[in-house]
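Asker:
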Amino acid sequence: MGRAGPGAAEAGVFPGREGQARQPGGARAGLAGRLSPHFRERLGAEVVAFSQRCQPAGPDPRSGWARSQAEAPLSARPRPLSAAMGASARLVRVAIMGAPGSGKGTVSSRITKHFELKHLSSGDLLRDNMLRGTEIGVLAKTFIDQGKLIPDDVMTRLVLHELKNLTQYSWLLDGFPRTLPQAEALDRAYQIDTVMNLNVPFEVIKQRLTARWIHPGSGRVYNIEFNPPKTMGIDDLTGEPLVQREDDRPETVVKRLKAYEAQTEPVLEYYRKKGVLETFSGTETNKIWPYVYAFLQTKVPQINQKSSDTP
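Here the sequence shown stands for residues -18 to 292, numbered as in our numbering.
So this is what it looks like as C-alpha coordinates:
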(Lines of atoms letter the chains of each structure in order from A and count residues from 1; the text may use other names and numbers.)
(Lines give C-alpha, C1' and ligand atoms only; values in the text may rest on other atoms or scores of the structure.)
Protein backbone atom coordinates (compact mmCIF):
# COMPACT_ATOMS: atom_id res chain seq x y z
CA MET A 1 0.00 0.00 0.00
CA GLY A 2 1.39 3.43 -0.91
CA ARG A 3 2.28 6.13 1.53
CA ALA A 4 -0.14 8.95 2.14
CA GLY A 5 0.72 11.99 0.09
CA PRO A 6 1.71 15.39 1.44
CA GLY A 7 -1.08 16.98 3.39
CA ALA A 8 -2.69 13.65 4.30
CA ALA A 9 -2.02 14.17 8.00
CA GLU A 10 -3.58 17.62 7.96
CA ALA A 11 -6.65 16.15 6.26
CA GLY A 12 -6.96 13.49 8.94
CA VAL A 13 -6.31 10.58 6.55
CA PHE A 14 -3.51 8.16 7.33
CA PRO A 15 -1.92 5.11 5.67
CA GLY A 16 -4.06 2.01 6.10
CA ARG A 17 -7.22 4.04 6.72
CA GLU A 18 -7.65 5.87 3.41
CA GLY A 19 -10.99 7.63 3.24
CA GLN A 20 -11.64 7.39 6.98
CA ALA A 21 -11.47 10.84 8.51
CA ARG A 22 -10.00 10.97 12.01
CA GLN A 23 -12.45 12.28 14.58
CA PRO A 24 -11.31 15.21 16.74
CA GLY A 25 -9.53 13.80 19.76
CA GLY A 26 -9.30 10.33 18.21
CA ALA A 27 -10.34 7.15 20.00
CA ARG A 28 -9.52 8.68 23.37
CA ALA A 29 -12.23 11.31 22.97
CA GLY A 30 -14.80 8.62 22.21
CA LEU A 31 -13.77 6.59 25.26
CA ALA A 32 -13.92 9.58 27.58
CA GLY A 33 -17.42 10.32 26.37
CA ARG A 34 -18.59 6.90 27.54
CA LEU A 35 -17.13 7.22 31.06
CA SER A 36 -19.18 8.43 34.03
CA PRO A 37 -18.25 11.89 35.43
CA HIS A 38 -17.09 10.26 38.70
CA PHE A 39 -14.76 7.84 36.91
CA ARG A 40 -13.38 10.57 34.63
CA GLU A 41 -12.52 12.69 37.71
CA ARG A 42 -10.85 9.73 39.45
CA LEU A 43 -8.93 8.77 36.31
CA GLY A 44 -7.69 12.32 35.84
CA ALA A 45 -6.39 12.48 39.42
CA GLU A 46 -4.50 9.22 39.00
CA VAL A 47 -2.89 10.43 35.76
CA VAL A 48 -1.67 13.60 37.48
CA ALA A 49 -0.26 11.60 40.39
CA PHE A 50 1.52 9.23 38.02
CA SER A 51 3.10 12.09 36.05
CA GLN A 52 4.38 13.63 39.29
CA ARG A 53 5.98 10.33 40.32
CA CYS A 54 7.78 10.22 36.97
CA GLN A 55 9.52 13.57 37.51
CA PRO A 56 13.31 13.07 38.00
CA ALA A 57 14.62 13.74 41.47
CA GLY A 58 17.56 16.05 42.08
CA PRO A 59 19.35 18.18 39.48
CA ASP A 60 18.14 18.18 35.88
CA PRO A 61 20.05 15.27 34.26
CA ARG A 62 19.99 16.83 30.81
CA SER A 63 23.04 18.43 29.29
CA GLY A 64 23.37 22.19 29.35
CA TRP A 65 22.46 22.43 25.66
CA ALA A 66 19.40 20.17 26.03
CA ARG A 67 18.28 22.04 29.14
CA SER A 68 18.66 25.42 27.44
CA GLN A 69 16.65 24.17 24.46
CA ALA A 70 13.88 22.89 26.73
CA GLU A 71 13.74 26.21 28.58
CA ALA A 72 13.88 28.32 25.42
CA PRO A 73 10.71 29.73 23.84
CA LEU A 74 9.17 27.39 21.29
CA SER A 75 9.92 29.83 18.49
CA ALA A 76 13.65 29.68 19.31
CA ARG A 77 13.95 25.89 19.18
CA PRO A 78 14.75 23.87 16.06
CA ARG A 79 11.42 22.44 14.90
CA PRO A 80 11.24 18.88 13.52
CA LEU A 81 9.43 18.61 10.20
CA SER A 82 7.45 15.73 11.67
CA ALA A 83 6.85 15.44 15.39
CA ALA A 84 6.50 11.70 14.95
CA MET A 85 10.08 11.54 13.65
CA GLY A 86 11.52 13.50 16.57
CA ALA A 87 12.66 10.51 18.58
CA SER A 88 14.28 8.80 15.60
CA ALA A 89 15.88 11.87 14.02
CA ARG A 90 19.36 11.24 12.66
CA LEU A 91 22.01 13.07 10.71
CA VAL A 92 21.15 13.55 7.05
CA ARG A 93 23.64 13.58 4.18
CA VAL A 94 22.54 15.43 1.05
CA ALA A 95 24.43 16.21 -2.17
CA ILE A 96 23.36 18.68 -4.84
CA MET A 97 24.46 18.55 -8.46
CA GLY A 98 24.03 20.88 -11.40
CA ALA A 99 26.00 22.35 -14.27
CA PRO A 100 27.78 25.71 -13.92
CA GLY A 101 25.06 28.36 -14.12
CA SER A 102 22.23 25.99 -13.14
CA GLY A 103 21.41 27.97 -10.01
CA LYS A 104 22.98 25.43 -7.68
CA GLY A 105 24.54 28.08 -5.44
CA THR A 106 21.26 29.95 -5.07
CA VAL A 107 19.30 26.79 -4.27
CA SER A 108 21.96 25.68 -1.77
CA SER A 109 21.82 28.98 0.10
CA ARG A 110 18.03 28.74 0.30
CA ILE A 111 18.21 25.18 1.60
CA THR A 112 20.58 26.15 4.41
CA LYS A 113 18.37 29.15 5.21
CA HIS A 114 15.31 26.95 5.75
CA PHE A 115 16.83 23.68 6.97
CA GLU A 116 19.40 22.70 9.59
CA LEU A 117 22.19 21.62 7.27
CA LYS A 118 25.79 22.73 7.07
CA HIS A 119 26.62 23.81 3.52
CA LEU A 120 29.97 22.63 2.17
CA SER A 121 30.93 23.92 -1.28
CA SER A 122 33.90 22.08 -2.76
CA GLY A 123 34.77 25.16 -4.85
CA ASP A 124 34.82 27.46 -1.82
CA LEU A 125 36.78 24.87 0.13
CA LEU A 126 39.36 24.58 -2.63
CA ARG A 127 39.82 28.35 -2.92
CA ASP A 128 40.14 28.71 0.86
CA ASN A 129 42.85 26.03 1.04
CA MET A 130 44.79 27.62 -1.82
CA LEU A 131 44.60 31.07 -0.21
CA ARG A 132 45.79 29.72 3.14
CA GLY A 133 48.56 27.76 1.49
CA THR A 134 47.66 24.44 3.09
CA GLU A 135 49.49 21.34 1.93
CA ILE A 136 46.55 20.11 -0.11
CA GLY A 137 45.79 23.64 -1.35
CA VAL A 138 49.33 24.03 -2.70
CA LEU A 139 49.09 20.60 -4.31
CA ALA A 140 45.79 21.44 -6.01
CA LYS A 141 47.16 24.77 -7.25
CA THR A 142 50.04 23.05 -9.05
CA PHE A 143 47.53 21.25 -11.26
CA ILE A 144 45.45 24.37 -11.86
CA ASP A 145 48.52 26.41 -12.81
CA GLN A 146 49.35 23.78 -15.41
CA GLY A 147 45.83 23.97 -16.84
CA LYS A 148 45.06 20.44 -15.65
CA LEU A 149 42.08 19.01 -13.83
CA ILE A 150 42.64 18.31 -10.15
CA PRO A 151 42.96 14.51 -9.74
CA ASP A 152 40.13 12.63 -8.07
CA ASP A 153 42.27 11.53 -5.14
CA VAL A 154 43.27 15.13 -4.36
CA MET A 155 39.68 16.42 -4.43
CA THR A 156 38.47 13.44 -2.43
CA ARG A 157 41.14 13.96 0.20
CA LEU A 158 40.25 17.66 0.43
CA VAL A 159 36.51 17.10 0.87
CA LEU A 160 36.65 14.08 3.17
CA HIS A 161 39.11 15.87 5.45
CA GLU A 162 36.67 18.75 5.83
CA LEU A 163 33.68 16.46 6.36
CA LYS A 164 35.45 15.02 9.41
CA ASN A 165 34.79 18.39 11.06
CA LEU A 166 31.05 18.01 10.40
CA THR A 167 30.45 14.57 11.90
CA GLN A 168 27.92 15.99 14.38
CA TYR A 169 25.90 17.80 11.74
CA SER A 170 23.60 17.11 8.85
CA TRP A 171 25.19 18.55 5.73
CA LEU A 172 24.61 19.62 2.15
CA LEU A 173 27.51 18.85 -0.18
CA ASP A 174 27.76 21.16 -3.19
CA GLY A 175 30.08 20.52 -6.16
CA PHE A 176 31.23 17.08 -5.07
CA PRO A 177 31.24 14.35 -6.28
CA ARG A 178 31.78 15.19 -9.94
CA THR A 179 33.24 11.90 -11.11
CA LEU A 180 32.39 8.27 -10.52
CA PRO A 181 35.59 7.58 -8.50
CA GLN A 182 34.73 10.53 -6.26
CA ALA A 183 31.18 9.21 -5.75
CA GLU A 184 32.47 5.75 -4.87
CA ALA A 185 35.01 7.17 -2.42
CA LEU A 186 32.32 9.30 -0.76
CA ASP A 187 30.06 6.25 -0.44
CA ARG A 188 32.77 4.33 1.34
CA ALA A 189 32.93 7.04 3.99
CA TYR A 190 29.29 8.16 4.33
CA GLN A 191 25.79 7.00 3.53
CA ILE A 192 24.25 9.54 1.16
CA ASP A 193 20.52 9.92 1.77
CA THR A 194 19.59 11.84 -1.33
CA VAL A 195 21.23 13.47 -4.35
CA MET A 196 19.38 16.41 -5.88
CA ASN A 197 20.11 17.15 -9.53
CA LEU A 198 19.19 20.53 -11.05
CA ASN A 199 18.44 19.85 -14.70
CA VAL A 200 18.47 23.15 -16.60
CA PRO A 201 18.69 23.15 -20.43
CA PHE A 202 22.19 23.95 -21.63
CA GLU A 203 20.91 26.70 -23.93
CA VAL A 204 19.41 28.47 -20.93
CA ILE A 205 22.66 28.11 -18.98
CA LYS A 206 24.69 29.33 -21.94
CA GLN A 207 22.48 32.40 -22.16
CA ARG A 208 22.87 33.08 -18.44
CA LEU A 209 26.65 32.75 -18.37
CA THR A 210 27.47 34.59 -21.58
CA ALA A 211 25.36 37.54 -20.41
CA ARG A 212 27.47 37.90 -17.26
CA TRP A 213 29.97 40.77 -16.89
CA ILE A 214 32.01 41.73 -13.83
CA HIS A 215 33.80 44.70 -12.33
CA PRO A 216 37.36 43.40 -11.67
CA GLY A 217 38.11 45.72 -8.77
CA SER A 218 35.10 44.81 -6.61
CA GLY A 219 33.87 41.54 -8.06
CA ARG A 220 30.41 43.02 -8.70
CA VAL A 221 28.50 40.89 -11.17
CA TYR A 222 26.05 42.16 -13.77
CA ASN A 223 23.81 40.25 -16.12
CA ILE A 224 22.83 41.99 -19.33
CA GLU A 225 19.36 40.43 -19.22
CA PHE A 226 18.46 40.25 -15.52
CA ASN A 227 20.67 42.78 -13.76
CA PRO A 228 22.16 45.15 -16.37
CA PRO A 229 24.41 48.11 -15.47
CA LYS A 230 22.91 51.58 -15.87
CA THR A 231 25.35 52.21 -18.71
CA MET A 232 26.26 49.22 -20.82
CA GLY A 233 29.81 48.06 -20.11
CA ILE A 234 30.33 50.47 -17.19
CA ASP A 235 30.28 49.75 -13.44
CA ASP A 236 27.47 51.63 -11.69
CA LEU A 237 29.54 52.78 -8.70
CA THR A 238 33.00 53.52 -10.05
CA GLY A 239 32.39 54.26 -13.72
CA GLU A 240 35.14 51.78 -14.57
CA PRO A 241 34.82 49.33 -17.47
CA LEU A 242 33.32 45.88 -16.99
CA VAL A 243 34.96 42.76 -18.36
CA GLN A 244 33.80 39.30 -19.29
CA ARG A 245 35.66 36.42 -17.71
CA GLU A 246 37.29 33.93 -20.02
CA ASP A 247 35.07 31.23 -18.51
CA ASP A 248 31.97 33.20 -19.53
CA ARG A 249 32.85 33.62 -23.20
CA PRO A 250 30.42 31.69 -25.46
CA GLU A 251 32.99 29.24 -26.84
CA THR A 252 34.36 28.52 -23.36
CA VAL A 253 30.89 28.03 -21.89
CA VAL A 254 30.06 25.41 -24.51
CA LYS A 255 33.25 23.50 -23.70
CA ARG A 256 32.58 23.66 -19.96
CA LEU A 257 29.03 22.38 -20.34
CA LYS A 258 30.06 19.51 -22.60
CA ALA A 259 32.83 18.55 -20.18
CA TYR A 260 30.40 18.66 -17.26
CA GLU A 261 27.91 16.43 -19.05
CA ALA A 262 30.53 13.82 -19.95
CA GLN A 263 31.99 13.87 -16.45
CA THR A 264 28.81 13.72 -14.39
CA GLU A 265 26.47 11.49 -16.40
CA PRO A 266 28.08 8.33 -14.92
CA VAL A 267 27.66 9.86 -11.45
CA LEU A 268 23.96 10.52 -12.03
CA GLU A 269 23.48 6.97 -13.29
CA TYR A 270 25.35 5.64 -10.25
CA TYR A 271 22.99 7.39 -7.85
CA ARG A 272 19.96 6.61 -10.01
CA LYS A 273 20.67 2.90 -9.62
CA LYS A 274 21.02 3.37 -5.88
CA GLY A 275 17.57 4.94 -5.79
CA VAL A 276 18.67 8.19 -4.14
CA LEU A 277 18.63 10.54 -7.16
CA GLU A 278 15.94 13.20 -7.41
CA THR A 279 15.99 15.44 -10.50
CA PHE A 280 14.39 18.89 -10.66
CA SER A 281 13.95 20.25 -14.19
CA GLY A 282 13.17 23.81 -15.20
CA THR A 283 14.47 27.02 -16.68
CA GLU A 284 14.08 29.35 -13.67
CA THR A 285 15.49 28.89 -10.19
CA ASN A 286 12.47 30.53 -8.55
CA LYS A 287 10.18 27.97 -10.17
CA ILE A 288 12.40 24.99 -9.31
CA TRP A 289 12.90 26.00 -5.68
CA PRO A 290 9.36 25.25 -4.34
CA TYR A 291 9.70 21.65 -5.53
CA VAL A 292 13.08 21.31 -3.83
CA TYR A 293 11.61 22.72 -0.63
CA ALA A 294 8.60 20.38 -0.72
CA PHE A 295 10.85 17.40 -1.45
CA LEU A 296 13.05 18.07 1.57
CA GLN A 297 9.98 18.43 3.76
CA THR A 298 8.28 15.20 2.72
CA LYS A 299 11.13 12.91 1.71
CA VAL A 300 13.76 13.72 4.30
CA PRO A 301 11.69 14.30 7.45
CA GLN A 302 14.68 13.96 9.78
CA ILE A 303 15.86 17.46 8.85
CA ASN A 304 14.85 20.23 11.25
CA GLN A 305 13.50 23.44 9.80
CA LYS A 306 14.98 26.75 10.85
CA SER A 307 11.78 28.58 9.98
CA SER A 308 8.17 27.52 9.76
CA ASP A 309 7.58 30.10 7.05
CA THR A 310 7.17 28.83 3.53
CA PRO A 311 9.78 30.12 1.05
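We put the beta carbon where it would ideally sit given N, CA and C, even for glycine.
Note that the structure is a prediction, hence the values are computed from the model and not measured.
Are the beta-carbon atoms of Lys99 and Tyr171 separated by less than 8 Å?
Answerer: no
Asker: Is the shortest distance between the beta-carbon of Thr87 and the beta-carbons of chain B less than 8 Å?
Answerer: This model lacks chain B altogether; it includes just one protein chain.
Asker: Is DSSP giving Arg193 helix, strand or coil here?
Answerer: strand
Asker: Just the C-alpha distance for Asp229 and Asn267, rounded to the nearest angstrom, thanks.
Answerer: 23 Å
Asker: In the DSSP assignment, find the unbroken beta strand (DSSP E) run with Arg74 in it and report its ends.
Answerer: Arg74 to Gly79
Asker: Whose C-alpha, out of Ala80, Glu246 and Ser89, is nearest the C-alpha of Glu274?
Answerer: The sequence given here places Tyr at residue 274; Glu does not occur at that position. Out of Ala80, Glu246 and Ser89, Ser89 has the C-alpha closest to the C-alpha of Tyr274.
Asker: For Val181, which of helix, strand or coil comes out of DSSP?
Answerer: coil
Asker: Locate the beta strand (DSSP E) running through Glu259, then write down its first and last residues.
Answerer: Leu258 to Ser262
Asker: Is it true that the stretch 125 to 144 meets the stretch 194 to 212, where meeting means three or more beta-carbon pairs spaced less than 8 Å apart?
Answerer: no
Asker: Roughly how many whole angstroms lie between the Cα atoms of Ala166 and Val176?
Answerer: For Ala166 and Val176, the distance between alpha carbons rounds to 15 Å.
Asker: What separation, rounded to the nearest whole angstrom, lies between the Cα atoms of Gly156 and Thr279?
Answerer: Just so you know, the alpha carbons of Gly156 and Thr279 end up roughly 24 Å apart.
Asker: Pull up the DSSP beta-bridge partners for Arg222, would you.
Answerer: The residue you asked about is not Arg; residue 222 is Pro in the sequence shown. BP columns for Pro222 point to Ile215.
Asker: Specify, as a first and last residue, the run of the alpha helix (DSSP H) that Val140 falls within.
Answerer: Asp133 to Leu144
Asker: Within 8 Å, do at least three Cβ pairs link the stretch 213 to 225 to the stretch 116 to 131?
Answerer: no
Asker: Please go through the stretch 77 to 122 and give each complete beta strand (DSSP E) segment of 3 or more residues, from N-terminal end onward.
Answerer: 99 to 102
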